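Single-structure report; data block below.
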Amino acid sequence: MTTAINTDKEYQNRLKHFTSLKSKYQATKYNDSSPSSLLYLILRKVDLGIELTTLEFDWLREQELFETVEIVCQQQQYKLEELRKLENEFSHLKSQYQVPKFAAAFQNISIILYPILWKLHSEKILTSSEIEWLKNNGLSATVTLANKMEFERHFFILKIKYQSTKYQGSSINSPLYKILKKLEIQERISDLELDWLIKRELFETADIFQQQELKKEAQFAELKEKYQAIKHPDLSLFSPLYLILQNIDAKNNLSESEINWLEQQGLSETIAIAQELEQTREFAALKAKYKATEYQDSTPKSHLYKILKRLELSNQLGEQDINFLKKRKLTEIIEIANEKYASTLKSKIDFGELLNESEIEWLKNNRREDIIVLAQQKHFAILKRKYGLIDPSLPLEPFYAIMVKLEKKERLDPKLVLQLMEEELLSPGGKIALAYYRLEAEFYEQEFHRTGHKWDIPTVSSYWRKANEPEQALKLTNLDFSQIRESKLKSAISVTRGAAFRDMDNLADAEICAKNAMEYHPDSYQPYTLMAAIAHDRGDYAKRDYWFEQAIKRGAKTEDIDDERKRLVRSTKDENKRHEAAKYLLKKDSQRYSWAKSYLKKSLDNGK
9 MTTAINTDKE
19 YQNRLKHFTS
29 LKSKYQATKY
39 NDSSPSSLLY
49 LILRKVDLGI
59 ELTTLEFDWL
69 REQELFETVE
79 IVCQQQQYKL
89 EELRKLENEF
99 SHLKSQYQVP
109 KFAAAFQNIS
119 IILYPILWKL
129 HSEKILTSSE
139 IEWLKNNGLS
149 ATVTLANKME
159 FERHFFILKI
169 KYQSTKYQGS
179 SINSPLYKIL
189 KKLEIQERIS
199 DLELDWLIKR
209 ELFETADIFQ
219 QQELKKEAQF
229 AELKEKYQAI
239 KHPDLSLFSP
249 LYLILQNIDA
259 KNNLSESEIN
269 WLEQQGLSET
279 IAIAQELEQT
289 REFAALKAKY
299 KATEYQDSTP
309 KSHLYKILKR
319 LELSNQLGEQ
329 DINFLKKRKL
339 TEIIEIANEK
349 YASTLKSKID
359 FGELLNESEI
369 EWLKNNRRED
379 IIVLAQQKHF
389 AILKRKYGLI
399 DPSLPLEPFY
409 AIMVKLEKKE
419 RLDPKLVLQL
429 MEEELLSPGG
439 KIALAYYRLE
449 AEFYEQEFHR
459 TGHKWDIPTV
469 SSYWRKANEP
479 EQALKLTNLD
489 FSQIRESKLK
499 SAISVTRGAA
509 FRDMDNLADA
519 EICAKNAMEY
529 HPDSYQPYTL
539 MAAIAHDRGD
549 YAKRDYWFEQ
559 AIKRGAKTED
569 IDDERKRLVR
579 STKDENKRHE
589 AAKYLLKKDS
599 QRYSWAKSYL
609 KKSLDNGK
């Protein structure tokens, strides 16, 4: 329904337009008034300034629309004449404003050039973009002419304004032009320039200069009184004081050198006024920035000014400041300050810095847990890289808390240790494992020094070894064994000392320690497992098995010994030795030591 109404309305509009065109071009005697008529098309073309074809003219004559033909011919003739006039005018302007005769391609820019030349001819000032367009299109001569015209126009205006029209010169280098430009900006002219004006009888111009000077002197006197600098005797307009007072009056902040000059002249009152004005302006700007313009007190002595100044420096409000703002219902300042501080903390996080406890507490109190989580995620990513954790699925908790504790050198509680073990993050050599064992070694070593309990020595030594610092274990176990009564303790210390020597590939000293341990406590199996490990390192697998058998005879569990065999093979760094060890075990008992096949296969693959 709506479409039908719109279609009918459009038809009526076209019908109305056709009737108007028939009247305009004296074709009313043509009976067909339908918009689909050929006459409607012809009259629309004529009205748009489109030339008719011979066939269209013939059709109009066939319909005896001679008046219409005459009007169209007159209109087209007028158009041709106007185009000729425009071309002549354009040609004249191009010649007048030194536009070179370019190739036919230049005609493409005429549509822009013509208005520019007409503007010049009308003595209008060209815009910077129009000057730039002329330059870009190689019309430098036109630009030069335009600049000259602009200078002459400006010079002439200045001569009228400063009553020096009787001076005939119009050169840009004319002394008068330089003088008039100075007068325009009320800059002092020199005595030589003043003499130049008088010699050429430009007394009115000289008088204008004298009037300007008198006004400046009066202004200087007013400024001295206004800014309490009357005691300064110099009244010369060349005095630094005049420029300083103008600066103050123009609401400009004084420079350090200006303040120093005022201090040297003993004008402390002037300095105080300038500084108070500067603070007042700063206070107004701060009130606008922090949406406190409704606050009536605008003096720098206001407590609000002090608050806003501190806020600019620290981004954080103190408790007293917040209470002050709340009492005066200036809560928007609090909101802006909080958002500003939150943004500062975000930036700190983005730069890889850590938040301190007070910052985290502030975020909690202001319900910005999102920033706390962001900080934790960023820090977690940093710590994961530091501790060599590449698993992207590793959850934030509890592993972030674990690494934070390690960073703070805080011991882990048993639950966290268990979780590390479940994720196999306490395997030898891992960075988390090294950090954990180092903390434990330091803790138990401190306990040993505190209590003197020597049974802590093997424990501490074991942790130092797991922390990959066998040197510390050797340092701790370097004891006078004659001072130790218990044979079991001497044996345990000797074993852990020998293990530390073995960690450092000093197998000879490791063997001495193991044999000493056997002498101290023949029934202990630990010295024998150490001897087995030493034999393994030497590649003497038969000897290794012998020592393991001796360990089992002294109470070592068979399954523990098998685990030790597996650990020895796994920790063998040399590929060939690991291959030999695995091959030896498989030959001895392929079913019992079937796990060794994987090491054998790896060795073979690497050999390829």
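In the numbering used here, the protein residues as written are 9 to 616.
We treat Cβ as the ideally placed atom computed from N, Cα and C, and that holds for glycine.
None of these values were measured; they are calculated from a predicted model.
Taking a C-beta distance under 8 Å as the contact criterion, Leu414 and Leu362 do not qualify as a contact pair. With contacts defined as CB atoms closer than 8 Å, Glu367 and Leu382 fail to qualify as a contacting pair. With a cut-off of 8 Å on Cβ pairs, the segment 66 to 77 is not in contact with the segment 88 to 108, counting fewer than three such pairs. Here Arg22 carries a helix assignment [DSSP, helix/strand/coil].
Excluding the 5 residues flanking it on each side, Phe489 has same chain C-beta neighbours closer than 6 Å at Lys498, in chain order.
Two segments are said to touch when three or more pairs of C-beta atoms, one from each, lie closer than 8 Å; by this definition the segment 525 to 537 touches the segment 561 to 574. In this structure, Glu59 lies near Gln84, with their beta-carbon atoms less than 8 Å apart.
The Cβ atoms of His544 and Ala516 lie no closer than 8 Å to each other. Distance from the CA of Glu583 to the CA of Asp358, rounded to the nearest whole angstrom, comes to 44 Å. For Lys297, the enclosing alpha helix (DSSP H) begins and ends at 276 to 297. For Gly506, the enclosing alpha helix (DSSP H) begins and ends at 495 to 511. The three-state secondary structure of Phe163, taken from DSSP, is helix. With a beta-carbon spacing of about 4 Å, Val468 and Tyr452 fall inside the 8 Å limit used to define contacts.
CA-to-CA, the gap between Ser45 and Tyr38 works out to about 10 Å. Ranking Ala293, Arg375, Lys297, Pro241 by CA distance to the CA of Leu275 puts Pro241 first. Taken in chain order, the complete alpha helix (DSSP H) segments of 4 residues or longer contained in the segment 313 to 347 are 327 to 335. Looking only at Leu153, Ser148, Lys186, Leu424, the smallest Cα-Cα distance to Leu166 is reached by Lys186. Pairing Asn486 with Gln599, the inter-Cα distance amounts to about 43 Å. Take the alpha-carbon of Arg573 and the one of Thr580: they are about 11 Å apart. About 13 Å separates the beta carbons of Tyr303 and Lys297, which is beyond the 8 Å limit, so they are not a contact pair. In the DSSP annotation of this structure, the continuous segment of the alpha helix (DSSP H) that includes Ala481 starts and ends at 478 to 485. Leaving aside the five residues that flank Arg473 on each side, the residues in its chain whose CB is nearer than 7 Å to its CB run, in chain order, Ala481, Ala507, Ala508, Asp511. Arg586: member of the alpha helix (DSSP H) spanning 583 to 596, first to last residue. With a cut-off of 8 Å on Cβ pairs, the segment 147 to 155 is not in contact with the segment 170 to 179, counting fewer than three such pairs. Per the Cβ contact rule, the segment 195 to 207 is not in contact with the segment 225 to 244 (fewer than 3 Cβ pairs under 8 Å).
Contact holds between the segment 316 to 329 and the segment 341 to 350, because three or more Cβ pairs, one in each stretch, are under 8 Å apart. Under the three-state reduction of DSSP output, Asn39 falls in the coil class, being neither helix nor strand. In this structure, the CA atom of Ile560 is about 13 Å from the CA atom of Pro530.
Counting along the chain, the unbroken alpha helix (DSSP H) around Gln82 starts and ends at 74 to 104.
The beta carbons of Ile542 and Ala564 sit no closer together than 8 Å. Pairing Leu402 with Gln384 gives a Cβ-Cβ distance that is not under 8 Å. Where Tyr235 is concerned, there is no enclosing alpha helix (DSSP H), because DSSP gives it neither an H nor an E. Taking C-beta atoms as the reference points, Ser310 and Ala292 fail to come closer than 8 Å. The shortest CA-to-CA distance from Ile379 to any of Ile398, Ser355, Lys392, Leu391 is the one to Ser355. Taking each of Glu327, Lys423, Tyr408 in turn and checking the Cα distance to Trp370, the smallest one comes out for Glu327.
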